[in-house]
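Note that the protein sequences, when read in sequence, are chains A, B, C and D. Heads up, the first sequence is in the numbering used here, so the first residue is 3 and it goes up one at a time. Heads up, the second sequence is in the numbering used here, so the first residue is 3 and it goes up one at a time. Heads up, the third sequence is in the numbering used here, so the first residue is 3 and it goes up one at a time. Heads up, the fourth sequence is in the numbering used here, so the first residue is 3 and it goes up one at a time. All C-beta atoms, glycine included, are put in the ideal place defined by N, C-alpha and C. Model, not experiment: these values are computed from the prediction. Heads up: the structure comes next, in structure tokens.
4 protein chains.
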Amino acid sequence: MSKTIHSVASVPQTREDLVRSLVGGERRFHELPKDLSPEEAAEIRRQALEEITQTPLENIAHHSLDVVRASHRNCENFIGVAQIPMGVVGPLRVRGKYADGDFYVPLATTEAALVASTNRGCAAIREAGGAVVRVEDVGMTRAPVFRTSGIIQTQQFLQWIQDHEDDLRRLTESTSRHLKFLEVRPYAFGTTVFLRFRFDSGDAMGMNMVTIACDRAVNELIEPATGVPCVALSGNYCVDKKPAAINWQEGRGKRIYAEVLLEAPTLHRYLKTTARDLAEVQYRKNLLGSIAAGSMGFNAHYANVLAAFFIATGQDPAHVVEGSLGITCIEPRGPDSVFASIFMPDVPLGAVGGGTALDTQREALAVLGVSPDPERRGEATLRLAEILGAVVLAGELSLMAAFTSQDLARAHEKLGRGELPSRPMPT
Amino acid sequence: MSKTIHSVASVPQTREDLVRSLVGGERRFHELPKDLSPEEAAEIRRQALEEITQTPLENIAHHSLDVVRASHRNCENFIGVAQIPMGVVGPLRVRGKYADGDFYVPLATTEAALVASTNRGCAAIREAGGAVVRVEDVGMTRAPVFRTSGIIQTQQFLQWIQDHEDDLRRLTESTSRHLKFLEVRPYAFGTTVFLRFRFDSGDAMGMNMVTIACDRAVNELIEPATGVPCVALSGNYCVDKKPAAINWQEGRGKRIYAEVLLEAPTLHRYLKTTARDLAEVQYRKNLLGSIAAGSMGFNAHYANVLAAFFIATGQDPAHVVEGSLGITCIEPRGPDSVFASIFMPDVPLGAVGGGTALDTQREALAVLGVSPDPERRGEATLRLAEILGAVVLAGELSLMAAFTSQDLARAHEKLGRGELPSRPMPT
Amino acid sequence: MSKTIHSVASVPQTREDLVRSLVGGERRFHELPKDLSPEEAAEIRRQALEEITQTPLENIAHHSLDVVRASHRNCENFIGVAQIPMGVVGPLRVRGKYADGDFYVPLATTEAALVASTNRGCAAIREAGGAVVRVEDVGMTRAPVFRTSGIIQTQQFLQWIQDHEDDLRRLTESTSRHLKFLEVRPYAFGTTVFLRFRFDSGDAMGMNMVTIACDRAVNELIEPATGVPCVALSGNYCVDKKPAAINWQEGRGKRIYAEVLLEAPTLHRYLKTTARDLAEVQYRKNLLGSIAAGSMGFNAHYANVLAAFFIATGQDPAHVVEGSLGITCIEPRGPDSVFASIFMPDVPLGAVGGGTALDTQREALAVLGVSPDPERRGEATLRLAEILGAVVLAGELSLMAAFTSQDLARAHEKLGRGELPSRPMPT
Amino acid sequence: MSKTIHSVASVPQTREDLVRSLVGGERRFHELPKDLSPEEAAEIRRQALEEITQTPLENIAHHSLDVVRASHRNCENFIGVAQIPMGVVGPLRVRGKYADGDFYVPLATTEAALVASTNRGCAAIREAGGAVVRVEDVGMTRAPVFRTSGIIQTQQFLQWIQDHEDDLRRLTESTSRHLKFLEVRPYAFGTTVFLRFRFDSGDAMGMNMVTIACDRAVNELIEPATGVPCVALSGNYCVDKKPAAINWQEGRGKRIYAEVLLEAPTLHRYLKTTARDLAEVQYRKNLLGSIAAGSMGFNAHYANVLAAFFIATGQDPAHVVEGSLGITCIEPRGPDSVFASIFMPDVPLGAVGGGTALDTQREALAVLGVSPDPERRGEATLRLAEILGAVVLAGELSLMAAFTSQDLARAHEKLGRGELPSRPMPT
């Protein structure tokens, strides 16, 4: 408890001294001596925080993470962990190109009923023979913003960019062997030019490597050659972690499609609903309701399932913002069946990097059989995306059905004894 | 390891039998005997999952949560936890009405640099005397959707709703002593009517209690009295966990404002930037870039800070979607200073319920001094919201400054030796 | 041709001299002597323009407008008119509260087929017994923008506004006997505050009188009392002649609903279509297509009919922008019928002022029986709005049907001989 | 007045008989005998309408249009014209590639002050040496919508489209010598596929020829070869006459840029304003106001000038909807000057077809020197677009300045005697 620690300035300090200095404010939490082990630093910060706030942090302290990795690669001023309950749904039958079979899917959530409800959707999909899933690897984007003197310089600048696409490709691809240059898409007006770079980043979500590549392109090639200054390496035309039309139109990360045909017995047994009621809720809620609300999410709750999946598998939870966009369709087929689909145009996702190497997250990925293979670049993440598509579909089906069976059913019971007005069903 | 467990059907089964039945698929993960303790059930599921997927789950198993609570109130089919690294920033000086003083703020994230960067923003705010923060408690919403026969019935229906507001208030408030009825806002066209109910839910985020209240209002009052059927209890005009204009205009949860005046020395010392450069990035990125992108987020990265704060404090991470909306302003004041502000119109937040009672999250809330007091209804959450506002502001300042100091500075170095074109600064 | 004209400076000038001075550039087109009659001034400008551009303008010269009125109240630097072809559709059976009966509707357009197509829609509506139409008079809005020192002053300012609503009402209503104050709706963030004033402007579209009222309120009351400066009398939160979520949510001008139930024989005889095909086009085009496009218009072509109606009846054609917003619904009823409706939340409209007093426009209004009656304030414009709703519905029905009968029918012919895949109809 | 007319059925009918039959409702307005001359038919319809509605239509009757053309190519059930007052602004100095010089621009409007205000903007631009204008010819679009059985058929379908682009080009270009195929852009989800065809249509606005080309492509190539049915030839992903993100991102028609640098003396003399005030209004109104409103128009009033220009020159006034989108920038340059620009991404425009051949509109085009030349395909319309860009810029400058000089100035007067709080200018 009082072993001697050597500070940067080589003045031996006891752990207690360091805690005191944090508590007293002489030292900030990020100013602990560099030669402390990450574990020691975490303990010192925690102890100081406990004293300052008079709060025992024993649960936050309770974890099994590799602190060296976590504190260096994921979280500065590390003091411990938030523990997020993890449940499992499945088996979920996925009929993708990279994920083809039955999967148990770990979901980390604090929202009661989410796991149970999604699990019910998995059962319905399983009964229906599985969800067909396809994924397009749109690629990761970053859009530096530049300042010109006006339209004439802008046009010259864009011409230069177009003429030097090969140079841009060479330079950016040289910054990482995982990166493939795909495109530069410009947008310009007044004195402002955005260049939306798009890259295939293989199994990585790619935000960081793409930023580095753009930085090099801007600083070593574009600015020196054109004299047009870059104002910010990210000009919000990328656009990261904000809902936006550009990502809806052009995609970002993975673009995911999943679908299933549900027949009457499955609807009845697993979802306690009918084709007609499901289609009615789809029409009034996912279509008209989102239209009325001016929403960019024409779905019931992609964000819920996404957040639970993202936290379990080490994705960036702020990307749930982008993943909340998309369109659920539920269409009658024949008299009693429905075709149900989800469409997510903007899902950043990775099987390496970020939180994926953390100990619990790595286990969750292993449960899904997701492990990058250099021989099969990008396929681990495509597999992850396909499973995600199927589980989001499961979540949609179950919640949509809940609205019909709980609410419409009840409505029918209570109102329906003959006196229900003839129903002008849209379906 | 092989102790006898009594199943629902009173047939004694060993734990090993149960694992076998899960592995073999005879039993689903949610079908374990009810008389198993939650801990036992978790172990059995985990063991089965390990066998099925050939994946050791020892880290997921490593936690200190109260399993009874977690598995009943947060996460079905519980198998353990995702551990999310937690760091701390601060002290952050907050000048709110409910949070007034210096705070250390726990953030749970897997994104390298986020904590360090936000911490830098905290230092700048501290140096500037603190962030002024104000919060409006807009209230939680839920919007059932109804089907009428057309405009004439719709108008009668809406007239009925208007005439019975007192009845709706009485009934909905009777469903929870935490709930105060605020408003019903209708939106109607064709044969569809949305009623957006809005409630003050005190210290709870409120989604669940509001849903229950609406359910009662619909089923006991509105449908019986009007004969107009409710199609779904949530008609997406609420709108939950999707970006939407209605929430932008009307607000949802808390509407948060935070601001600070930064003078040249603070900008220079803590943020390595100048007023001019910050304002330039603000203009091209947060305003023009988001306009070009068709985004609803006119900010740098609210979602990042929000996600880390939400996970640490037990909020619903899917609500990051709504919290990503908003407008950052950075405006020159005098020759060398800037006024910086954030505005978040749509932040669902709670100090009780959901994930806030989990062991690590409870500790994080305690670090912030957030603990509900029945005598001061709603104030714990308002305090939480004020701290959130200040930390989001810190995150914005630091990232915005990073663009100027790293990128503009470098641009200046490389291009700037006299040949930089005269800068048409927007500021 | 060379009669003497007395200029402002009392130096007699011949008409020829004035033309010369315009042609030579010594005098601008708006600098003709004030004592010229409007007709003479128009002739002089036209003659000069003919010489300058070597273009005979005999058709532009050919009109029957009261030049005094047109040049003073509608169009400076008057040189003549644009002649827009006017056709008539009907009889259109309207079942509104203010327009109840059969109407012939003049439409001024240059787009071939628009009148014929809309006329077909009128026939279908007539056969179906007429369109039920209802209109809400939302009122006209104007939103000055103010600058404060930050959130604290903003909250004080908004409190002041709330406390002085009666004063604001009194002052604004004193500026015109046609104006009724309805509401001030604030929106604020950073150092910016918008106050969206909303007024009932009776039979006038109201933009001008509302602007004058706001000007008085700002300059005589708000600024002097609060010291908070108004930056612009219109802060684009009004919002005039731009598509915007705020108008979608809150409405502006008139909010119009029209609907009709069409049975199989009517669909077949007048629209050459079926319920199933119409509903299919509605689903893929008006709902999914507009969702995919990120559009605010979930309709086929409100703007076309609106533009033709607006030009014929003297409305402001730039308001077509706002009128293009809205939602068409076409829903199956029973096996062979459809319920069709239009919804326009944002239609500025007037029966007095603007272009309504021009000679041809006045005649078009008279054809519709629209003439303001001081005893029945606002009703003339409500009548106009109801007729507009019905004719827009007619236009939608006909165009939507055209897609099905021309295109689907052809598709059926060519593909349909047995080998058409079973149709996954959304309906 | 009672000369004998031969009806289709060869039964001689007097004009009076025909009027009677219209008035009595035995005959609809579009059912007059085909052998009537268009003039006679117009007179008969007008006379009937006068009787039915007891309204003299002498002004509507007063016109100089070629009735044969107008009634066949522009407006069915022709009865006369709406006369829209036309004024002229200028000279406007345009520095484009196709329009380089001084122009007088005819504007047809009923909104008082629009011409005078725009004229003031022209003076400021003239004084500043002219507006630099550039136009990109994005092309006209049409997006048929198709129905597939799901993602697998969709992918096959899109692959087919991609593989047959040359065939699509050949077929579509064969439908008109004015058409050049540019691109097919797909958007797909669920069972729905949109193909957004884009064509260069030369001097024509192109909507009709593009529709015909798509019809041929769909019916002769795509449907027969793929078996995938087209649900509607326009699937609203085009998107015509509705505000939409896709057009913002991808452009439609012409994409127009115009800009000017205004120095202090010009600002003072012509616009009665200062750089600082203009930039302040720009910031609070065009940027923050439109952001707050959820608008797609970040400008003061493009739609006003556009509507007046469109009506004068025979454009489709419903396209004002699309033209209302765009971004005005006003940025300080040095201490006292501003750089001002407009950007319109979505302006359908033509120099032939539609209303451009009408007699008054033809004259207005001639005033602008716009006349298509087969040798210089598309250049007449590009010239028209450049002039439009400059005049829209003139309109913006003048209105923006009006806000500052009238309102800010007055505010300054009344409040400003020393007690105005130090202004936190954004500029």
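Inspect the beta-carbon positions of residue i and residue j and report whether they are closer than 7 Å.
| i | j | result |
| --- | --- | --- |
| R30 of chain D | S23 of chain D | no |
| T174 of chain C | F183 of chain C | yes |
| R144 of chain A | T213 of chain A | yes |
| V369 of chain D | P108 of chain D | yes |
| G352 of chain C | A206 of chain C | yes |
| Y106 of chain C | R385 of chain C | no |
| W350 of chain C | G255 of chain C | At residue 350 of chain C the sequence reads Pro, which differs from the Trp that was named. Going by C-beta atoms, P350 of chain C is nearer than 7 Å to G255 of chain C. |
| I153 of chain C | R136 of chain B | yes |
| A110 of chain D | A310 of chain D | yes |
| A126 of chain B | L273 of chain B | yes |
| N288 of chain B | T330 of chain B | yes |
| V195 of chain D | T228 of chain D | no |
| C77 of chain C | P87 of chain D | yes |
Hey, out of the options, whose CA is closest to residue i's CA?
| i | options | result |
| --- | --- | --- |
| A335 of chain A | A:A359, A:L263, A:S373 and A:A302 | The residue asked about is misnamed: residue 335 of chain A is Arg in this sequence, not Ala. The option with the nearest alpha carbon to R335 of chain A is A:L263. |
| A234 of chain C | D:Y100, D:L290, D:S339 and D:L235 | D:L290 |
| L51 of chain A | B:D165, B:K99 and B:V91 | B:V91 |
| D202 of chain A | A:V140, A:Q49 and A:V283 | A:V140 |
| P93 of chain C | C:G123, C:D68 and C:Q158 | C:G123 |
| R378 of chain B | B:G204, B:G103 and B:T194 | B:G204 |
| G397 of chain B | B:E33, B:K36 and B:L116 | B:L116 |
| E433 of chain C | C:D68, C:S119, C:G132 and C:G103 | In the structure as shown, chain C starts at 3 and stops at 429, and residue 433 of chain C therefore has no counterpart that could be examined. |
| I344 of chain A | D:G380, D:T193 and D:Q251 | D:T193 |
| L308 of chain C | C:L395, C:L360 and C:F300 | C:L395 |
| A404 of chain A | A:H321, A:T276, A:R179 and A:E42 | A:T276 |
| G98 of chain B | B:S400, B:E381 and B:E60 | B:E381 |
Going by the DSSP bridge assignment, what does residue i pair with across the sheet?
| i | result |
| --- | --- |
| P376 of chain C | Paired residue(s): none; P376 of chain C is not in a bridge. |
| E333 of chain A | A:F341 |
| R97 of chain D | D:D102 and D:V134 |
| I86 of chain C | D:A84 |
| M346 of chain D | D:I258 |
Only counting runs of 3 or more residues, tell me where the beta strand (DSSP E) segments fall wholly within the stretch 180-207 of chain D, in order along the chain. Correct list: 182-191 and 194-202.
Please specify which runs of the beta strand (DSSP E), each continuous and at least 3 residues long, are wholly inside the stretch 124-155 of chain A, giving them in chain order. Entirely contained in the stretch 124-155 of chain A, the beta strand (DSSP E) runs reaching 3 residues are, in chain order, 133-144 and 147-149.
To test your reading of the DSSP string, which unbroken beta strand (DSSP E) runs of 3 or more residues are found completely within the stretch 257-302 of chain D? As far as the stretch 257-302 of chain D is concerned, it has no whole beta strand (DSSP E) run of at least 3 residues.
When Cβ atoms are compared, which residues of the stretch 279-301 of chain C fall closer than 7 Å to chain A? Listed by position along the chain: L289, I293, G296 and F300.
Give the residues from the stretch 247-260 of chain D that approach chain B closer than 8 Å (Cβ to any Cβ), ordered along the chain. Of all residues in the stretch 247-260 of chain D, A247, W250 and Q251 have a Cβ within less than 8 Å of some Cβ in chain B.
Residues of the stretch 59-87 of chain A with Cβ closer than 7 Å to any Cβ of chain B, in chain order: Of all residues in the stretch 59-87 of chain A, only L59, N61, I62, H64, H65, S66, L67, A72, R75, N76, C77, E78, N79, F80, I81, G82, V83, A84, Q85, I86 and P87 place a beta-carbon less than 7 Å from a beta-carbon of chain B.
Pull out every residue of the stretch 111-141 of chain C whose Cβ sits closer than 7 Å to any Cβ of chain B, in chain order. Taking 7 Å as the upper bound on Cβ-Cβ separation, chain B lies near residues V134 and R136 of the stretch 111-141 of chain C.
Listed from N- to C-terminal order along the chain, which residues in the stretch 312-331 of chain C have their beta-carbon within a distance smaller than 9 Å of any beta-carbon of chain A? Of all residues in the stretch 312-331 of chain C, I329 and C331 have a Cβ within less than 9 Å of some Cβ in chain A.
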